Amino acid sequence: MVDIRSVHKSFGPLQVLKGIDLAVRTGEVTVILGPSGSGKSTLLRTVNHLEKVDRGTISVDGELIGYRRSGDRLRELPEREVLRQRTRIGFVFQNFHLFPHLTVLENITEAPVSVLGRPRRAAAEAARRLLERVGLADKAGAYPGQLSGGQRQRVAIARALALEPRVLLFDEPTSALDPELVGEVLDVIRDLARQGTTMIVVTHEIGFAREVADTVVFMDDGRIVEQGPPGDVLDRPQHERTRAFLSKVL
Ligand code: ADP
Ligand code: MG
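Using full-length UniProt numbering, you'd call the opening residue of the sequence shown number 1 and step up by one each time.
The structure is reproduced here in structure tokens:
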């Protein structure tokens, strides 16, 4: 579903991604671990072209992201096309990014109505079903400011799902939450995994990774140091840097 090949990215002189290769199969959950500054967020952002890669390619569901092939060269897609691609790649941020002046229901229906041109009534019905799925059926009329962090993040997940994405990307979805609210958000992500949603999740929640991930990827300094089933990477890490990282977070 997601095919990342030889992706390089620098910010000025700082090389942040130094050749990333990663394949995520349909219905699988990939958890990315790694120290702060190792390039995890940048990698996620390249998948929906929030960051342009310097070298390498990314495709989602067989479609090249941000570019089209023209002979043996790549040409950048027009912004309109990039926006269309982005609607099918759900992104859930650490800090929710909800619209504060819209209700929960309006937050969820905004993109389906304005980007996909769905009729408002159908979008609202779909949004109510999604709210049910994330356990917030009674919050449709509330504003984000009236919700807890865990509830806001569940709204953000419902909002991402409303565009029926092919893949969902999570960038530390529980890092901004009080500890007692982490579980309710992880429960929702776990449910999505059970239903076969393709996901890439950056998180420091090792227990969650062990339970939910099909593949755990350990990144350090712009490279994938090792990847494999959670039992291998978490319990029998092959690299000293992975061991050092795990000993700090476990
Ligand atoms: P992580 O998510 O693993 O903590 P990031 O991908 O956010 O790592 O950042 C990797 C490195 O790239 C860091 O050194 C960060 O400061 C740098 N970086 C990220 N985004 C930018 C940017 N837009 N401009 C310059 N440097 C950036
Ligand atoms: Mg990050």
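Where is the CB? At the ideal position from N, CA and C, for every residue including glycine.
From a predicted model like this one, the values you see are computed outputs, not experimental measurements.
Nearest to residue i by CA position, among the options, is which residue?
i: residue 252; options: His-8, Leu-22, Gly-150; result: In the structure displayed, the chain extends from 1 to 250; residue 252 sits before or after that span and is not available.
i: residue 282; options: Gln-195, Arg-243, Ala-244, Asp-171; result: A question about residue 282 goes unanswered here, because the residues of the chain that appear run from 1 up to 250.
i: Ala-124; options: Ala-137, Leu-136, Gly-117, Thr-109; result: Thr-109
i: Gly-80; options: Tyr-67, Gln-238, Met-199; result: The residue you asked about is not Gly; residue 80 is Arg in the sequence shown. Arg-80 has its Cα closest to that of Tyr-67, out of Tyr-67, Gln-238, Met-199.
i: Arg-241; options: Glu-164, Ser-38, Arg-210; result: Ser-38
i: Phe-2; options: Gly-231, Phe-11, Glu-28; result: Sequence inspection shows Val at residue 2; the Phe mentioned does not correspond to that position. That would be Glu-28, whose Cα lies nearest to the Cα of Val-2.
i: Ala-140; options: Arg-128, Leu-83, Glu-184; result: Arg-128
i: Asp-214; options: Glu-205, Thr-198, His-204; result: Thr-198
i: Arg-121; options: Leu-50, Ile-206, Glu-106, Lys-248; result: Glu-106
i: Gln-146; options: Thr-87, Ile-189, His-49, Leu-102; result: Leu-102
Would residue i pass as a contact of residue j if the rule is Cβ separation under 8 angstroms?
i: Val-155; j: Val-104; result: yes
i: Ala-158; j: Leu-130; result: yes
i: Asp-54; j: His-97; result: no
i: Leu-168; j: Leu-192; result: yes
i: Arg-223; j: Lys-18; result: yes
i: Arg-210; j: Pro-230; result: yes
i: Gln-85; j: Pro-173; result: no
i: Val-225; j: His-239; result: yes
i: Val-182; j: Leu-44; result: no
Thinking residue i and residue j are a contact (beta carbons under 8 angstroms), I'd like their distance in whole angstroms, please.
i: Val-113; j: Ile-89; result: The pair is not a contact, with the Cβ atoms about 19 angstroms apart (cut-off 8 angstroms).
i: Ala-126; j: Ala-162; result: 6 angstroms
i: Pro-237; j: Leu-250; result: Not confirmed; about 11 angstroms, so no contact.
i: Ser-6; j: Gly-56; result: 4 angstroms
May I ask you to check if the CB of residue i is nearer than 7 angstroms to at least one heavy atom of the ligand HEM?
i: Ser-41; result: Absent from the structure shown: the ligand HEM. Ligands present: the ligand ADP and the ligand MG.
With a cut-off of 8 angstroms, do at least 3 Cβ pairs link the region 68-77 to the region 146-154? no
Taking contact to mean 3 or more Cβ pairs, one atom from each stretch, closer than 8 angstroms, check whether the region 212-227 and the region 26-44 are in contact. yes
Starting from the N-terminal side, write out each stretch of the alpha helix (DSSP H) that is 4 residues or longer and does not extend beyond the region 181-248. 206-212, 230-235
Unbroken beta strand (DSSP E) runs of length 3 or more, entirely within the region 122-179: which are they? 167-171
Please list the segments of the beta strand (DSSP E) lying wholly inside the region 37-103, counting only runs of 3 or more residues, in order along the chain. 55-60, 67-70, 73-76, 89-92
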